[in-house]
Amino acid sequence: MAKLLSFLIFFVLVSNSVGSLNPSLNDDVLGLIVFKADLQDPKGKLSSWNQDDDTPCNWVGVKCNPRSNRVTEVMLDGFSLSGRIGRGLLQLQFLHKLSLARNNLTGSISLNLSRLENLRIIDLSDNSLSGSIQDDFFAQCGSLRAISLAKNKFSGTIPGSLSSCATLASINFSSNQFSGSLPSGIWGLNGLRLLDLSNNLLKGEIPKGIEGLNNLRAINFSKNQFSGKFPDGIGSCLLIRAIDFSENSISGYLPETMQKLSLCNYLSLSNNMLAGEVPNWIGEMKQLETLDLSGNKFSGQVPNSIGNLQSLKVLNLSANGLSGNLPESMANCGGLVALDFSRNSIRGDLPAWIFGSGLGKVIHLENKLSGNFNSVPKLQVLDLSENEFSGKISSPIGVLSSLQLLNLSGNSLVGPIPGTIGELKELSVLDLSENRLNGSIPVEIGGAFSLKELRLDRNSISGQIPSSVGNCSSLTSLILSQNNLTGPIPAALAKITTLKDVDFSFNSLSGGLPKQLANLPNLSSFNISHNQLQGELPAGGFFNTISSFSVFGNPALCGAAVNRSCPAVLPKPIVLNPNSSSDSGPGELPQNIGHKRIILSISALIAIGAAAVIVVGVIAITVLNLRVRSSTSRSAVALTLSAGDEFSHSPTTDANSGKLVMFSGDPDFSTGAHALLNKDCELGRGGFGAVYRTVLRDGHPVAIKKLTVSSLVKSQEDFEREVKKLGKVRHQNLVALEGYYWTPSLQLLISEFVSGGSLYKHLHEGSGGRFLSWNERFNIILGTAKSLAHLHQSNIIHYNIKSSNVLIDSSGEAKVGDFGLARLLPMLDRYVLSSKIQSALGYMAPEFACRTVKITEKCDVYGFGVLVLEVITGKRPVEYMEDDVVVLCDMVRGALEEGRVEECVDERLQGNFPADEAVPVMKLGLICTSQVPSNRPDMGEVVNILELIRCPSEGQEELV
257 MAKLLSFLIF FVLVSNSVGS LNPSLNDDVL GLIVFKADLQ DPKGKLSSWN
307 QDDDTPCNWV GVKCNPRSNR VTEVMLDGFS LSGRIGRGLL QLQFLHKLSL
357 ARNNLTGSIS LNLSRLENLR IIDLSDNSLS GSIQDDFFAQ CGSLRAISLA
407 KNKFSGTIPG SLSSCATLAS INFSSNQFSG SLPSGIWGLN GLRLLDLSNN
457 LLKGEIPKGI EGLNNLRAIN FSKNQFSGKF PDGIGSCLLI RAIDFSENSI
507 SGYLPETMQK LSLCNYLSLS NNMLAGEVPN WIGEMKQLET LDLSGNKFSG
557 QVPNSIGNLQ SLKVLNLSAN GLSGNLPESM ANCGGLVALD FSRNSIRGDL
607 PAWIFGSGLG KVIHLENKLS GNFNSVPKLQ VLDLSENEFS GKISSPIGVL
657 SSLQLLNLSG NSLVGPIPGT IGELKELSVL DLSENRLNGS IPVEIGGAFS
707 LKELRLDRNS ISGQIPSSVG NCSSLTSLIL SQNNLTGPIP AALAKITTLK
757 DVDFSFNSLS GGLPKQLANL PNLSSFNISH NQLQGELPAG GFFNTISSFS
807 VFGNPALCGA AVNRSCPAVL PKPIVLNPNS SSDSGPGELP QNIGHKRIIL
857 SISALIAIGA AAVIVVGVIA ITVLNLRVRS STSRSAVALT LSAGDEFSHS
907 PTTDANSGKL VMFSGDPDFS TGAHALLNKD CELGRGGFGA VYRTVLRDGH
957 PVAIKKLTVS SLVKSQEDFE REVKKLGKVR HQNLVALEGY YWTPSLQLLI
1007 SEFVSGGSLY KHLHEGSGGR FLSWNERFNI ILGTAKSLAH LHQSNIIHYN
1057 IKSSNVLIDS SGEAKVGDFG LARLLPMLDR YVLSSKIQSA LGYMAPEFAC
1107 RTVKITEKCD VYGFGVLVLE VITGKRPVEY MEDDVVVLCD MVRGALEEGR
1157 VEECVDERLQ GNFPADEAVP VMKLGLICTS QVPSNRPDMG EVVNILELIR
1207 CPSEGQEELV
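The sequence shown runs 257 to 1216 under the working numbering.
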């Protein structure tokens, strides 16, 4: 078989090159067999192609002329073929149509069209073909009428020889990587009906001469980089039906000649730089069904002539500078199904025609319109957000039985939410946030059982959360924050297993949290901060790792998240009934009572008990007050006992007085002791405890970390040995440890105070309304790398690298804090490290999950790599999307594989960063996050690479 196939290939090649062999009925068999030899056919679609056949006319995908039995069509669309397009096809001299669309073909195309002089249709779309097309490829294109190379990876310029194909009626080169300018000769193809060059990299001005295409039906130049003016001559293309020049940089005004295009039904010029008023002559294009002029610089009023477009279905004029009122003439546009005037400056009352019976499925008017509104039965999506609507939500809104999305957010609506909302059985999203709604959440809300998102935040809604919301079994987001809600959180919420995001913050909710909430499997956020909730947080599931910020502002809540112990449950008091019998003999007292039998009435016992409780209470309060005063006094004294020379020792370490050691200087620490009890001085909380800011008597500010792992901390001797070791570590990019305070029940670490806040706040909370420039980010990355390299040289592992532990000083320098604190624990238990220390999801090296792998400095390298990606992209290590969880490392790695690395850079830096630095640094971050520790570089190597990226030496290669 192999020898026969080799012979066939040789025969075809010889016949192609010599051209002296006469064609026979077997020529097509030989050509197709050789063509098949270059392909992989995983599904066996070409199994019927047998070289022993006299003719291929019965083969799958092959058609022949019934008279001559010569192959005229090869149609292998969607056969899952791979490989390359071989030269065997050149043997098919009577081929009219070649269609290889929707396969996995690769490589370039080099067919000599002059040998296929009968070829009329070529369709190679939706493959992975690449490379450039030779400029003379179309020099002899015979009778070619249609060619499609769409959805491939072709690059280079569009061949100028294309203009020699005088019979061409259809050209589709869309979704490739063609670049350069448009060859002007293309306007000479006066038989052209379809020209689609969309989604490429073409640029420059569109050349004049388009009026030569007087048979043109559709032209699509969207998603390129064309600039200059809109082609004036297009008005001469009187047969045109569709025009799409969207997503370019075309400027100027719309040419008046376009009003002649009376057959045009689709016009999209969105996302360009077109200016001026929307011309009044637009109403002359009476066949328009879609008019999209969004994302330009149009100004003035919406012209009255729009009402002449009675065939209009989609009208999008969003994101312009339009003003004035919506014209009443638009009442004539009865076929509208989509209407978008968002992000303009249109004002006035909402016109009544919007709710006419002819309006169809989508309305989106994100403007500054005002007035009341009624209802439209046919709507599926109603988005009137970010306007100035006032008045109440009309009860008849329930007649919108097909409504799937209702967004009235960002208006000035008042009054209650109508109960008829519950009649919207198809409703998936209900957003009434940022209004002035009052009243209670209607019980009928449970009737909208298809709800996935319910947003009622930032209103004045009062009353309780109805239990009927539990009937919305598909709910994923429940946002009710910043209202006046009272009462308990209903246990019925625990039935909604799809819940992901819940926000009840800033209300007046009370009572305890239902324990069943811990069973919700998909919960990713649950914010109940600033309420009046009490009792213990649910145990298990999401609530084991709930953030302290999500529960803050509930003084009566207890549990680990609020750093407040729950009171022990005391047994009920034993009440003895004096009239009851016992095992003692008659006339005898129980042995555990005593030697005297005292018989009292029940009322007497109650009175005595009450008096006793009052007396004990008074005594207890008095004693506690005295002890607090004494303890406070002793603590203040103890804190100042031993501030002195480096590594000095306190004279006492008993339970009532602490030991303070300051590594240098002799400041008086007592003035800062109040900060430990003052919430106003709290800077934040982490896995090891709360951090406070205070000022010593000499005016020196310090940060005090109050450790909350006292039960896990080593003995005093081991604790002091480790802390002193950390105190000796000094580096310009490390937060200096200045001292410590020890008692068996309280440990404090005293560090330098860094005023600029954490890197996390700068990246994700817009510290001070500013964002970090590229140079600032690079210097932070380099400074962090240097600090870790210094720690590793001192045999110290950080264990807890994350953006909240990188502080920014007043000069913009990075200072890494919280280093080496894991060494204060009696053993480096992986569970403790993962739950307490590595509390920030996404930074933890994979070896933490495997007890057989040793924890080394390489776990810091992994965390540093994640930090690098976080700094460059501006995204958190793990982000929870509506229907997905995005892991930063995986996202960037996928973008790298697809050649989209630069798209990952923080959008706030777009156009203001050097790609030759950002891309290598991003790749370095990915190398540092390798799953195998040995594949990660040392931090010293990381520093060298970063310095080389910033200042590459001659003859040395950058990281690529």
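Heads up, the beta-carbon is just placed ideally off N, CA and C, and yes, glycines get one too.
Checklist entry - Would the beta-carbon of Val-951 fall within 8 Å of that of Lys-1071? => result Taking 8 Å as the Cβ cut-off, Val-951 and Lys-1071 do not qualify as a contacting pair.
Checklist entry - How close, in whole Å, do the beta carbons of Ala-774 and Gly-796 come, if the pair is a contact with beta carbons under 8 Å? => result The Cβ separation is near 4 Å, so the contact holds.
Checklist entry - Do Ile-602 and Leu-582 have their C-beta atoms within less than 8 Å of each other? => result Their beta carbons are under 8 Å apart, which means Ile-602 touches Leu-582 by this criterion.
Next on the checklist: If I measure Cβ to Cβ from Ser-555 and keep anything under 8 Å in the same chain, skipping five residues before and after, which residues do I get?
Outcome noted: Ala-531, Gly-532, Glu-533, Asn-576, Gly-577, Leu-578 and Ser-579
Next on the checklist: Taking 8 Å as the limit between beta carbons, can you name the residues of its chain near Asp-1116, skipping five residues before and five after?
Outcome noted: Leu-1044, Leu-1047, His-1048, Ile-1053, His-1054, Tyr-1055, Ile-1057 and Met-1195
Item to check | Element boundaries [alpha helix (DSSP H), containing Gly-508] | outcome: Counting along the chain, Gly-508 falls outside any alpha helix (DSSP H), though it belongs to the beta strand (DSSP E) covering 505-508.
Next on the checklist: Spatial neighbours of Leu-546 within its chain, please: C-beta separation below 6 Å, excluding the five flanking residues on both sides.
Outcome noted: Correcting the residue identity first, residue 546 is Thr in this sequence and not Leu. So the list reads Tyr-522 and Val-570, once near-sequence residues are dropped.
Checklist entry - Arg-692 to Ile-1201, Cα distance in whole Å? => result 56 Å
Next on the checklist: What would DSSP say about Tyr-1099, mapped onto helix, strand or coil?
Outcome noted: coil
Checklist entry - Around the C-beta of Leu-472, are 16 or more other C-beta atoms found within 10 angstroms, so that it is buried, or is it exposed? => result buried
Item to check | Every unbroken beta strand (DSSP E) within the region 535-572, with a cutoff of 3 residues, ordered by chain | outcome: 546-548, 553-557 and 570-572
Next on the checklist: For the beta strand (DSSP E) containing Leu-741, name the first residue and the last one.
Outcome noted: 740-743
Next on the checklist: With DSSP as the reference, identify every bridge partner of Cys-814, one or two as the case may be.
Outcome noted: BP columns for Cys-814 point to Glu-792.
Item to check | Backbone CA spacing between Asn-763 and Thr-742 [nearest angstrom] | outcome: Cα-Cα distance, rounded: 7 Å.
Item to check | Selection from Ser-381, Glu-682 and Tyr-948 that minimises the alpha carbon distance to Leu-661 | outcome: Glu-682
Checklist entry - Are the beta-carbon atoms of Trp-1218 and Gly-914 separated by less than 8 Å? => result Outside the modelled stretch of the chain, which goes from 257 to 1216, sits residue 1218, for which no answer is possible.
Checklist entry - I think Leu-1144 touches Val-1124, with their Cβ atoms under 8 Å apart; what is that distance to the nearest whole Å? => result Wrong, their Cβ atoms sit about 10 Å apart, outside the cutoff.
Next on the checklist: Can you tell me whether Phe-429 is buried or exposed? The criterion is at least 16 other CB atoms within 10 Å of its CB, across all chains shown.
Outcome noted: buried
Next on the checklist: Relative to the C-alpha of Ile-289, which candidate in Gly-344, Ala-395 and Lys-1042 has its C-alpha closest?
Outcome noted: Gly-344
Checklist entry - Is Asp-294 helix, strand or coil when you go by DSSP? => result coil
Checklist entry - Going by beta carbon distance, what residues of the same chain come within less than 7 Å of Ser-1186, once the five residues before and after it are set aside? => result Arg-1192
Item to check | Distance, Gly-300 Cα to Ser-781 Cα | outcome: The C-alpha of Ser-781 lies about 50 Å from the C-alpha of Gly-300.
Next on the checklist: Please state the DSSP three-state secondary structure of Lys-1017.
Outcome noted: Lys-1017 falls in the helix class under three-state DSSP.
Checklist entry - Going by C-alpha distance, which of Gln-738, Pro-746 and Leu-779 is nearest Thr-753? => result Leu-779
Item to check | Rounded C-alpha distance that separates Ser-478 from Asn-527 | outcome: 10 Å
Checklist entry - Going by other Cβ atoms of all chains shown within 10 Å of its Cβ, with 16 needed for buried, is Thr-732 buried or exposed? => result buried
Checklist entry - Measuring CB to CB, does Ser-1007 end up less than 8 Å from Gly-1073? => result yes
Checklist entry - Taking C-beta to C-beta, are Asn-819 and Gln-788 nearer than 8 Å? => result Not closer than 8 Å, so no.
Checklist entry - Which stretch, first to last residue, makes up the beta strand (DSSP E) that contains Asn-1035? => result No beta strand (DSSP E) contains Asn-1035, which is instead part of the alpha helix (DSSP H) from 1030-1049.
Item to check | Residue of Ser-336, Thr-311, Trp-315 and Val-316 minimising C-alpha distance to Ser-324 | outcome: Thr-311
Checklist entry - Taking buried to mean at least 16 other C-beta atoms within 10 Å of its own C-beta, is Pro-487 buried or exposed? => result buried
Checklist entry - Buried or exposed: which applies to Tyr-948, given that a residue is buried once 16 or more other Cβ atoms fall within 10 Å of its Cβ? => result buried
Checklist entry - Taking the Cβ atom as the reference point for each residue, do Ser-435 and Ser-411 lie within a distance shorter than 8 Å? => result Judged by their CB atoms, Ser-435 and Ser-411 are nearer to each other than the 8 Å cut-off.
Next on the checklist: Between which residues of its own chain and Asn-504 is the CB-CB distance below 6 Å, once the five residues before and five after are set aside?
Outcome noted: Cβ within range, chain order: Asn-480, Phe-482 and Asn-528.
Next on the checklist: Could you compute how far the alpha carbon of Glu-1159 sits from the alpha carbon of Asn-1035?
Outcome noted: Roughly 21 Å separates the two Cα atoms.
Next on the checklist: I'd like to confirm the pairing. Which residues does DSSP put opposite Glu-1154 in its beta bridges?
Outcome noted: For Glu-1154, which the question treats as bridged, DSSP gives no partner whatsoever.
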